[in-house]
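Here's the structure, in structure tokens; my notes come after.
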Amino acid sequence: MMDLNARRIPPVREMGWSRVYSLAHAAARAVLVPDIGRLVHFSTKDGPNALRLDPALTGHLPPEGDPFFNIGGHWLWPVNQTRWSTLSDDARDWPPPAPLTDRPWEGLAWTDADGGACVRMSRTYGAPLFIQASRVFRLDPNSAVLTIRQRIERTAPSVIPVVLWSISQLSEARAIALPVEADSRFRDGLNTLKGQTPGQQLAACGDITIFRTGAGGEIKLGTDSPRHWIAAALPEHVLVESVEPKSEGNFPDGGCRTILYANPAYGYAELETLSPEVMLEPGQALENILRMEILPGVPPSDAAAWADVLRRRKRG
388 MMDLNARRIP PVREMGWSRV YSLAHAAARA VLVPDIGRLV HFSTKDGPNA LRLDPALTGH
448 LPPEGDPFFN IGGHWLWPVN QTRWSTLSDD ARDWPPPAPL TDRPWEGLAW TDADGGACVR
508 MSRTYGAPLF IQASRVFRLD PNSAVLTIRQ RIERTAPSVI PVVLWSISQL SEARAIALPV
568 EADSRFRDGL NTLKGQTPGQ QLAACGDITI FRTGAGGEIK LGTDSPRHWI AAALPEHVLV
628 ESVEPKSEGN FPDGGCRTIL YANPAYGYAE LETLSPEVML EPGQALENIL RMEILPGVPP
688 SDAAAWADVL RRRKRG
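Residue numbers (the working numbering): 388 to 703.
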């Protein structure tokens, strides 16, 4: 909700797009483009972008009829991929079906009284979903922390359950850390959703498992840890994403709360966070809070040492 003492932030022309909200202060920078529904840049003030952004597509909009504009950045899907085949014309779960095709989002930006800069992006999905999705991004006034309040509200009856499935695409992730639990329903705390369970790429470090990127084939691994965070080691810093749930229910993909995806052939990896999958009635809503934080400093190359760093940051 907008602060009563807020000051509006106008959109600007930047990076080739005509409607951009650029948020910046002494510690961090975030850039959002409602016309493609994405956060396209998140960094410390003068640091590199934590997110992948395809230079060939930067400044462009999705071509008409293109089911997926794979420019990178950070975005939200409101329906889990296991449901996509029921929404597509060919009963396949890729590419995204027509109801989920990239479309412009509405945008509004302001500065709160304490100096926090905010952007609200919202999109209405018609039949057969009948939902309104909204995401309020708030850049902390003093640190490289971006808080995202996410909400899906049902606007008319539908038989399609919804989920807050957030994805951050990264081009330079050297390793990805996932919390694992001794009492997990998955073997070794991990659920292999795509590809073969990696061997040498995994390092078990107690209650944290480290996955080394850059080798092997396409892989997708999920964890059911209620600690609900995921982290990526980048060349100059660490990106941590954590979720504060606001709704109850069963998590999709067998109970996964966070997921890593890596595809060396495409040259990128993804951090994915999930909410419970919920069947909403008209007027009901699904909500959570996603927190993205950049931790400065080069992460240790040793897996156990990096796991210790994450624990000291109270992420373990």
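The C-beta atom is built at its ideal place from N, Cα and C for all residues, glycine as well.
- The DSSP assignment places no complete alpha helix (DSSP H) segment of no fewer than 4 residues inside the stretch 523-553.
- In this structure, SER472 lies away from LEU516, with their beta-carbon atoms at least 8 angstroms apart.
- The DSSP-derived three-state label of ILE396 is coil.
- Within the stretch 405-472, the runs of beta strand (DSSP E) at least 3 residues long that lie entirely inside it are, in chain order, 415-420, 425-431 and 461-464.
- For ARG510, the beta-bridge partners assigned by DSSP are ALA520.
- Considered as a whole, the stretch 588-617 harbours 589-592, 595-599 and 606-610 as its complete beta strand (DSSP E) runs of no fewer than 3 residues, in chain order.
- The beta carbon of SER553 sits closer than 6 angstroms to the beta carbons of LEU463, THR660 and LEU677 from its chain, once the five residues preceding and following it are set aside; these are given in chain order.
- Contact between GLY641 and ASN578 is confirmed by a C-beta separation of about 5 angstroms, below the 8 angstroms threshold.
- Secondary structure of LEU661 (DSSP, three-state): coil.
- Annotation: LEU667 is outside any beta strand (DSSP E) and is labelled neither H nor E by DSSP.
- Closest in alpha carbon position to LEU580, among ALA514, GLN468, PRO449 and GLY684, is GLN468.
- Classified as buried, ARG538 has 16 or more neighbouring CB atoms from the shown chains inside 10 Å of its CB.
- Rounded to the nearest angstrom, the gap between the Cα atoms of HIS461 and GLN583 is 26 angstroms.
- Collapsing the DSSP output to three states places ARG678 in a strand.
- Of all C-beta pairs linking the stretch 587-606 to the stretch 524-532, fewer than three are shorter than 8 angstroms, placing the two stretches out of contact.
- Straight through space, the alpha carbons of PRO687 and ALA620 are spaced by roughly 9 angstroms.
- ALA504 and ARG574 have their alpha carbons spaced roughly 42 angstroms apart.
- In the DSSP annotation of this structure, LEU577 is not part of any beta strand (DSSP E), being labelled neither H nor E.
- If you compare the alpha carbons of PRO613, HIS412, ALA496 and GLN556 with that of VAL532, the shortest gap goes to HIS412.
- By the criterion of at least three beta-carbon pairs nearer than 8 angstroms, the stretch 667-681 is not in contact with the stretch 596-613.
- The three-state secondary structure of LEU621, taken from DSSP, is coil.
- DSSP, reduced to helix, strand and coil, places ALA656 within a strand of the structure shown.
- Contact check between the stretch 477-496 and the stretch 443-458: three or more CB pairs, one atom from each, fall below 8 angstroms, which counts as touching.
- Just so you know, the alpha carbons of GLU635 and SER662 end up roughly 9 angstroms apart.
- The Cβ atoms of THR596 and ILE617 lie no closer than 8 angstroms to each other.
- Looking at the DSSP output, CYS505 bridges to TRP497 and ARG525.
- In the DSSP assignment, LEU697 falls outside any beta strand (DSSP E) and lies within the alpha helix (DSSP H) extending over 690-699.
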